[in-house]
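Protein chains in written order, with the numbering used here: chain A, 1 to 344; chain B, 345 to 600. Right, one structure below, let's go through it.
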Amino acid sequence: MGVGVRMEGLRKVYTSPPPLAAGGGSFAPARGPGLGKKKDAKPKKSFQVVALDGVSLEIQAGEIFGLLGPNGAGKSTTMGILTTRVRPTEGHAWVGDYNVWQQQVQAKRLIGVVQQRPNLDFALTAREILSFHAAYYGVAPSERVRRSKELLERFQLTDRAHEMVRGYSGGMMQRLAIARAMMHDPQVLFLDEPSTGLDPQTRLLLWEIIREYNRSGKTVMLSTHNMDEADALCHRIAIIDHGHVIALGTPNELKRSIPGGYLLRLKFSHNSPGVVDRLRQLHGVTEVQTLGDGVDLYADRGGSLIREIVAVLADYAIDLHDVHISEPSLENLFLHHTGRSLRQ
Amino acid sequence: MNWRTFAALLARDAHVARRNLATLLLQTMLQPMLFVFVFGRVLISSGMMTESYKGLLLPGIMAVTMVITGIWAVAMPLIAEFQFTREIEDRLLAPMRIEWLAVEKILFGMLQALIAGAVVLPTGWLVLGKGVGISITQPLLWLAVIFLVAVFSSAGGLALGCSVGQTQIGLMFSMVIAPMIFFGCVYYPWSALNHFPVIQKLVLLNPLVYASEGLRGTMVPHIAHLSTLLVVGILLAVDALLIVAGLNRFNHKSVS
Numbered sequence: 001m002g003v004g005v006r007m008e009g010l011r012k013v014y015t016s017p018p019p020l021a022a023g024g025g026s027f028a029p030a031r032g033p034g035l036g037k038k039k040d041a042k043p044k045k046s047f048q049v050v051a052l053d054g055v056s057l058e059i060q061a062g063e064i065f066g067l068l069g070p071n072g073a074g075k076s077t078t079m080g081i082l083t084t085r086v087r088p089t090e091g092h093a094w095v096g097d098y099n100v101w102q103q104q105v106q107a108k109r110l111i112g113v114v115q116q117r118p119n120l121d122f123a124l125t126a127r128e129i130l131s132f133h134a135a136y137y138g139v140a141p142s143e144r145v146r147r148s149k150e151l152l153e154r155f156q157l158t159d160r161a162h163e164m165v166r167g168y169s170g171g172m173m174q175r176l177a178i179a180r181a182m183m184h185d186p187q188v189l190f191l192d193e194p195s196t197g198l199d200p201q202t203r204l205l206l207w208e209i210i211r212e213y214n215r216s217g218k219t220v221m222l223s224t225h226n227m228d229e230a231d232a233l234c235h236r237i238a239i240i241d242h243g244h245v246i247a248l249g250t251p252n253e254l255k256r257s258i259p260g261g262y263l264l265r266l267k268f269s270h271n272s273p274g275v276v277d278r279l280r281q282l283h284g285v286t287e288v289q290t291l292g293d294g295v296d297l298y299a300d301r302g303g304s305l306i307r308e309i310v311a312v313l314a315d316y317a318i319d320l321h322d323v324h325i326s327e328p329s330l331e332n333l334f335l336h337h338t339g340r341s342l343r344q
Numbered sequence: 345m346n347w348r349t350f351a352a353l354l355a356r357d358a359h360v361a362r363r364n365l366a367t368l369l370l371q372t373m374l375q376p377m378l379f380v381f382v383f384g385r386v387l388i389s390s391g392m393m394t395e396s397y398k399g400l401l402l403p404g405i406m407a408v409t410m411v412i413t414g415i416w417a418v419a420m421p422l423i424a425e426f427q428f429t430r431e432i433e434d435r436l437l438a439p440m441r442i443e444w445l446a447v448e449k450i451l452f453g454m455l456q457a458l459i460a461g462a463v464v465l466p467t468g469w470l471v472l473g474k475g476v477g478i479s480i481t482q483p484l485l486w487l488a489v490i491f492l493v494a495v496f497s498s499a500g501g502l503a504l505g506c507s508v509g510q511t512q513i514g515l516m517f518s519m520v521i522a523p524m525i526f527f528g529c530v531y532y533p534w535s536a537l538n539h540f541p542v543i544q545k546l547v548l549l550n551p552l553v554y555a556s557e558g559l560r561g562t563m564v565p566h567i568a569h570l571s572t573l574l575v576v577g578i579l580l581a582v583d584a585l586l587i588v589a590g591l592n593r594f595n596h597k598s599v600s
């Protein structure tokens, strides 16, 4: 039987700069009120970052679930709460039947965690890291040897397994961190931006390993800002931004939910009232959003619209400075919901 | 409580310590031995100190070596592991309440402090040569003091290690460790401060004073020293306080 993950109304407000447990503190700190010069202002309250604001999600047992969002969206904080590393300000989370905060030890037994930043034990060699990790979970010595050998092989680290990891490259550290998380054969694997720092070849290897792991009935939850990764790997995706879930579904459902599917980002010499309405009336156009001296136009076709757009613009004496057409993608979905690119 | 996990964490620390044994020994033993040689041999043989200073010095050196070893053994790795690399993360995720990881650190620091004490005593004795004049009349009380000193050192290391950042290590030595040693009645008995009444009162805030005086009281009872029972009581209180403070700081540092 697989193990699912559930969270209800998770909210996290950091009142001091988040330590690295939250995944690296990639927040844009929004300083709250209270930094006034008044003597009675409490300086303690001067730092406030709302990292998560009421996130509720349910991840089914045996699912590969992705959290997709830009840096600082709240992905690492969500991961941190689910893995006992971040205390939620409000809300609850469960791994299987165990409440992550009230039954930490039981929850920890079920999970394997790969943090955004490799956090290997620098005092040990690669093989020792795997072996001691399994020992913490009570894995028998002979089994530890067998599994570490297998995983080192699988992650192509056997040649340098006897070395201290201080001299490892970033990609090797990341691979070892993932191998370590699998050492005790956890029911749920949490991977916070697992392919950061990996070359394309190793990334494909990692995807294959994740799929293989999942085929044995294990649940995988990963966070990423890479749409291709989310698209290729995940059964379901939650798109998260500024601590809110803004869309949830399978990659195909999400892509279908974008009005029109195609996005044409147009830059004009200047904007003129009325032009947006005219563009909206073009055949196949589902939505037009004004964006400075230009528009984002959602439609069910791409390049074939350009001629008609140019004709409309000519009526208003507007020059078309730039056109960018993108096909249906999660990137477009994110743009549609937030007006920003995932990479911004 | 998950003893298997606890034992595995101890085994990990022991493994790392074994690997760094030579550095560890040099780090903790060299300086006290140099002190013993200069103060206990050079100054005495040149007639600048009397022979009785040997007996006074050895318990102090034992106390300071134990305390510095315990603090060093717990604080330094913790400071590094809680930094940017978050090396400790994997152990925080071990299936055990995180407080037990802190307890493991205290236990391991204690063991190192006790080993340091067990090594420095005979070595120091050897360097000092004849006429040390130690007489342990109450071995159980002596062992109790040693135990409390070991707890003080490692719990102090935990509290310090969780309060100090990597960039403040230098400051920690110059602001905490150095004054603690020089005002810790290590190289002189507390009664030697009789002519400095204010300082004599102030140094009572320094727990190393009780470690030095406690060992002096149980090893060279003929030299004037603080009451050993008082020392035991205060060390007990200091230990309890540091354990609570250390665990608190550790928790605070571990979970955001």
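Built from N, CA and C at the ideal position, the CB exists for glycine as well.
Buried versus exposed call for residue i [16 or more other C-beta atoms within 10 Å across all chains shown]
| i | result |
| --- | --- |
| Ala-22(A) | Bear in mind that the predicted position of Ala-22(A) carries a pLDDT of just 46, short of 50, making it too unreliable to give a figure here. |
| Thr-219(A) | buried |
| Lys-12(A) | buried |
| Glu-253(A) | exposed |
| Asp-583(B) | buried |
| Ala-407(B) | buried |
| Glu-128(A) | buried |
| Pro-483(B) | exposed |
| Met-410(B) | buried |
| Met-369(B) | The question names Met, yet the displayed sequence has Leu at residue 369(B). So Leu-369(B) counts as exposed. |
| Leu-35(A) | Confidence is the limiting factor: at Leu-35(A) the pLDDT is only 42, short of 50, which leaves the residue's position unreliable, though a coordinate-based value still follows. That one is exposed. |
| Gly-4(A) | buried |
| Phe-379(B) | buried |
| Ala-28(A) | With a pLDDT of 44 at Ala-28(A), under the threshold of 50, the modelled position of this residue cannot be trusted; read the value that follows with caution. With fewer than 16 other Cβ atoms within 10 Å, it is exposed. |
| Phe-517(B) | exposed |
For residue i, the residue or residues it bridges with in DSSP
| i | result |
| --- | --- |
| Tyr-316(A) | According to DSSP, Tyr-316(A) bridges with nothing at all. |
| Ile-240(A) | Val-245(A) |
| Glu-287(A) | Tyr-298(A) |
| Leu-10(A) | Val-55(A) |
| Ser-266(A) | Checking the displayed sequence, the identity of residue 266(A) turns out to be Leu instead of Ser. According to DSSP, which records beta bridges pairwise, Leu-266(A) is partnered with Val-295(A) and Val-323(A). |
| Thr-224(A) | Leu-68(A) |
| Met-164(A) | Thr-125(A) |
| Val-5(A) | Ile-59(A) and Val-95(A) |
Alpha carbon of residue i to alpha carbon of residue j, nearest angstrom
| i | j | result |
| --- | --- | --- |
| His-566(B) | Ala-457(B) | 26 angstroms |
| Ser-26(A) | Glu-557(B) | Residue placement at Ser-26(A) is flagged as unreliable, the pLDDT there being 45, under the threshold of 50; a coordinate-derived value is accordingly withheld. |
| Leu-377(B) | Ala-352(B) | According to the sequence displayed, residue 377(B) carries Met and not Leu. Roughly 34 angstroms separates the two Cα atoms. |
| Phe-47(A) | Gly-505(B) | 25 angstroms |
| Phe-190(A) | Leu-279(A) | 45 angstroms |
| Arg-211(A) | Met-221(A) | 12 angstroms |
| Lys-267(A) | Thr-290(A) | 10 angstroms |
| Ala-568(B) | Arg-593(B) | 38 angstroms |
| Ala-64(A) | His-235(A) | The sequence given here has Ile at residue 64(A), not Ala. One C-alpha to the other measures close to 5 angstroms. |
| Ser-390(B) | Tyr-397(B) | 13 angstroms |
| Leu-330(A) | Asn-99(A) | 32 angstroms |
| Tyr-168(A) | Arg-117(A) | 14 angstroms |
| Leu-205(A) | Thr-158(A) | 16 angstroms |
| Val-312(A) | Leu-282(A) | 9 angstroms |
| Pro-551(B) | Leu-515(B) | 19 angstroms |
| Val-530(B) | Val-476(B) | 16 angstroms |
| Ile-178(A) | Trp-94(A) | 23 angstroms |
| Arg-87(A) | Leu-436(B) | 14 angstroms |
| Met-227(A) | Gly-453(B) | 48 angstroms |
| Ala-555(B) | Arg-109(A) | 42 angstroms |
| Phe-350(B) | Gln-544(B) | 42 angstroms |
Practice task
Please specify which runs of the beta strand (DSSP E), each continuous and at least 3 residues long, are wholly inside the stretch 43-124 of chain A, giving them in chain order.
Solution key: 49-59, 64-68, 90-95 and 111-114
Handout entry: Against chain A: residues of the stretch 435-466 of chain B by CB proximity under 9 angstroms
Key = Of all residues in the stretch 435-466 of chain B, Arg-435, Leu-436, Leu-437, Ala-438, Pro-439, Met-440, Arg-441 and Ile-442 have a Cβ within less than 9 angstroms of some Cβ in chain A.
Practice task
Could you list the residues in the stretch 538-566 of chain B with a C-beta less than 8 angstroms from some C-beta on chain A, going in chain order?
Solution key: Look at the stretch 538-566 of chain B: it has no residue with a C-beta under 8 angstroms from a C-beta of chain A.
Handout entry: Runs of alpha helix (DSSP H) lying entirely within the stretch 186-222 of chain A, each at least 4 residues, in chain order
Key = 200-215
Exercise for the section: Only counting runs of 3 or more residues, tell me where the beta strand (DSSP E) segments fall wholly within the stretch 394-458 of chain B, in order along the chain. Expected result: Counting whole runs of 3 or more residues, the stretch 394-458 of chain B contains no beta strand (DSSP E) stretch at all.
Problem - Complete runs of the alpha helix (DSSP H) confined to the stretch 543-595 of chain B [at least 4 residues] - result: Counting only runs of 4 or more, we get 551-563.
Practice task
Check each residue of the stretch 345-358 of chain B: if its Cβ is closer than 8 angstroms to any Cβ of chain A, include it; give the result in chain order.
Solution key: Asn-346, Arg-348, Thr-349, Ala-352, Leu-353, Ala-355 and Arg-356
Problem - Interface residues of the stretch 239-257 of chain A facing chain B [CB-CB below 7 angstroms] - result: none
Practice task
Check distances from the C-beta atoms of the stretch 94-106 of chain A to those of chain B and list, in chain order, the residues that come in under 9 angstroms.
Solution key: Gln-104, Val-105 and Gln-106
Practice task
Select from the stretch 582-600 of chain B all residues with a C-beta closer than 7 angstroms to any C-beta belonging to chain A, and list them in chain order.
Solution key: Val-599 and Ser-600
Problem - Selection of the stretch 360-373 of chain B by Cβ proximity to chain A, strictly under 7 angstroms - result: Val-360
Handout entry: Members of the stretch 131-160 of chain A near chain B, C-beta cut-off 7 angstroms
Key = Only Phe-132, His-133, Ala-135, Tyr-136, Tyr-137 and Gly-138 from the stretch 131-160 of chain A bring a Cβ to less than 7 angstroms from some Cβ of chain B.
Exercise for the section: Using a Cβ-Cβ cut-off of less than 7 angstroms, give me the residues of the stretch 210-237 of chain A that come near chain B, in sequence order. Expected result: none
Problem - Members of the stretch 511-524 of chain B that neighbour chain A once the beta carbon cut-off is set at 8 angstroms - result: none
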